[in-house]
Amino acid sequence: MSIELRNFGYRILQKSKNCKDAFCLALDYSESDYQRLISGRLLPSCKDMDRISEFFSDDADKYFDSRNEDSYPDRIHMMSKFSVQSNCDFLLNLIDSYIDVKDAVDRWEESNEKPQRP
77 MSIELRNFGY
87 RILQKSKNCK
97 DAFCLALDYS
107 ESDYQRLISG
117 RLLPSCKDMD
127 RISEFFSDDA
137 DKYFDSRNED
147 SYPDRIHMMS
157 KFSVQSNCDF
167 LLNLIDSYID
177 VKDAVDRWEE
187 SNEKPQRP
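What follows is the structure in structure tokens.
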């Protein structure tokens with residue numbers, strides 16, 4: 077799913093460049109929510125999908141396309157384009173998995189912090 081979410085987020089970023097504040101207001105998103113959405117880290121709810129479709133007067137479901145090769149160059153530095161798209165998808169999924177684990181560990185550590193003694 078991360079390929080589709082990444083591409084969905086990229087398409088939202090492209091469409092909302094000039095109307096980010098209005099987009100966030102329409103979806104009741106914070107800046108953090110918006111950043112997570114455009115980076116493929118937030119799965120929009122059905123209600124959010126309806127709001128996105130309404131906001132852009134378009135069918136938001138069509139933004140989920142796993143064949144978009146333009147969604148990664150702005151995110152990470154590559155020496156050149158991948159000759160095989162599945163290799164790119166595999167690498168980006170691996171990076172996404174690492175970030176998910178890192179975020180989970182960070183949240184776990186924060187919730188289990190013990191108070192420091194003076």
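All residue numbers for the sequence shown refer to the working numbering, where the first residue is 77 and numbers rise by one.
C-beta: ideal position from N, C-alpha, C; glycine also.
- Judged by DSSP in its simplified three-state form, Met155 adopts coil rather than helix or strand.
- In this structure, DSSP gives Tyr110 a helical state, which the three-state scheme calls helix.
- Boundaries of the alpha helix (DSSP H) around Ser162: 161-187.
- In this structure, the CA atom of Ser133 is about 19 angstroms from the CA atom of Tyr105.
- By the C-beta density criterion, Arg183 is exposed, having fewer than 16 other C-beta atoms within 10 angstroms.
- Nearest to Leu118 by alpha-carbon distance, out of Glu185, Val181, Asp172, is Asp172.
- For Tyr86, the enclosing alpha helix (DSSP H) begins and ends at 78-92.
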